[in-house]
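K.L.:
Counting along the sequence shown from 1, when you hit position 172 you're at 172 in this note's numbering, and nothing is skipped either side.
The following block contains the structure, expressed as structure tokens.
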Amino acid sequence: MDFIGYRSDALGAAVALVNAISRTRGEPADDKPAPDRMRAVLREANYVAARAPASVEPAMRAWARRLRTVFDAPDVDAAAAAVNGLLADVTVEPHLSGHDGRPWHLHYSPPEADLVERVRATTAIALAMLVSEYGVDRHGRCAAEGCERVFADTSRNAARRYCSGPCANRSAVAAHRARAKGRA
């Protein structure tokens, strides 16, 4: 995990976990989640998730719902309270780890921690760092109508309001059409 400021794999994992349980405009409700969706998210975020049991799926979905409270917070006080709630439920025991052929790196959970505990600790710490350094200016819910996904802004200008390019484009086109219709 790269914990240099707010640009980290764990922060990206937090966003990806929340977005894995969220809908974007036009998507149906996810009544039957894909069986390995959360493990795929974790692998993409550089967690060693290939050996994880199937039980990580519901545990990660539940954690993603908890992470979402930080992104949905209306102000910095509510975001801090949400982060403190996450931190209260994780065991944080930093140590250096060298495993699976990877170079030494920092883990925030105890050495005996399982995948769920490691993900919970690192994502909670990443969101704590984000909120403590930037308040609510660098994360939130997508501004596109009908989209429930979230974002964490890692750009230099901190102007992101959408979860993705397609949502930003749809919103720009809708605004353009509304202005054109208003002129007509």
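Here a beta-carbon is modelled for each residue, glycine too, at the ideal position from N, C-alpha and C.
For leucine 67, which residues does DSSP report across the bridge?
P.N.:
Answer is none; leucine 67 lacks a bridge partner.
K.L.:
Might you give, ordered along the chain, the residues of its own chain that have their beta carbon closer than 7 Å to the beta carbon of glycine 98, omitting 5 neighbours on each side?
P.N.:
Result list for glycine 98: Trp104, in chain order.
K.L.:
What is the residue span of the beta strand (DSSP E) that glycine 140 lies within?
P.N.:
Unbroken beta strand (DSSP E) run through glycine 140: 139 to 141.
K.L.:
On the premise that valine 70 lies in contact with alanine 64, defined as a C-beta separation below 8 Å, what is that separation, rounded to the nearest angstrom?
P.N.:
Rounded, the Cβ-Cβ distance is 11 Å, inconsistent with contact.
K.L.:
What do you reckon, are the CB atoms on valine 41 and alanine 13 nearer than 8 Å?
P.N.:
Cβ atoms of valine 41 and alanine 13: closer than 8 Å.
K.L.:
On the CB-based measure, 16 or more other CB atoms within 10 Å of its CB, does alanine 175 come out buried or exposed?
P.N.:
Looking at its Cβ environment, which holds fewer than 16 other Cβ atoms inside 10 Å, alanine 175 is exposed.
K.L.:
Between valine 15 and the rest of its own chain, which residues show a CB-CB distance below 7 Å, the 5 nearest in sequence each way excluded?
P.N.:
So the qualifying residues of the chain are Val150, Phe151, Ala152.
K.L.:
If I measure Cβ to Cβ from arginine 138 and keep anything under 7 Å in the same chain, skipping five residues before and after, which residues do I get?
P.N.:
Here the set comprises Tyr6, Leu130, Ala152, Asp153, Ala158.
K.L.:
Considering only C-alpha positions, which residue in the set Ser109, Glu148, Leu106 is nearest to alanine 20?
P.N.:
The shortest C-alpha separation from alanine 20 is found at Glu148.
K.L.:
Please list, in chain order, all residues of the same chain as glutamate 112 whose beta carbon is under 7 Å from its beta carbon, the five residues on each side excluded.
P.N.:
If we look at glutamate 112 and ignore the five residues flanking it on each side, it has no Cβ neighbours.
K.L.:
Which class does valine 173 belong to by DSSP, given the choice of helix, strand or coil?
P.N.:
Helix.
K.L.:
Would you identify the three-state DSSP class for serine 132, choosing helix, strand or coil?
P.N.:
Three-state result, serine 132: helix.
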